[in-house]
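*Asks:* The opening position of the sequence shown corresponds to residue 617 in the numbering used here, with each subsequent residue numbered one higher. Even for Gly, the Cβ is constructed at its ideal location relative to N, Cα and C. None of the values given here were measured: they were computed from a predicted structure. Here you go, one structure.
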Amino acid sequence: MALSTRFTEMFGARHPIALAPMGGSAGGALTAAVSRGGGLGILGAGNWDPEWMGP
């Protein structure tokens with residue numbers, strides 16, 4: 617069951633959960649998993665190349 621909050625409405629997420637960008641500690645796989653699960657996955661990739669980010 618999805619929750620309806622200002623957060624979910626603003627970002628189009630099913631759940632009011634956001635993955636904070638971790639500046640290199642986690643890659644695209646974790647971001648994708650959070651997004652697929654209905655949260656807002658954010659990838660901190662300012663210092664990385666496209667291969668590191670993943671598919």
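#1: So if DSSP puts G657 in a beta bridge, which residue, or which two residues, is it bridged to?
#2: Taking the alpha helix (DSSP H) that L646 belongs to, which residues open and close that run?
#3: What's the gap between the Cα of A649 and the Cα of M638?
#4: Give me the Cβ distance between A645 and R630, rounded to the nearest whole Å; I'm assuming they're in contact under 8 Å.
#5: Nearest to S620 by alpha carbon, out of A636, G655 and S651?
*Replies:* A quick look at the data gives this:
#1: L635
#2: G644 to R652
#3: 15 Å
#4: So it is not a contact: roughly 20 Å between Cβ atoms.
#5: When only C-alpha atoms are compared, the closest one is G655.
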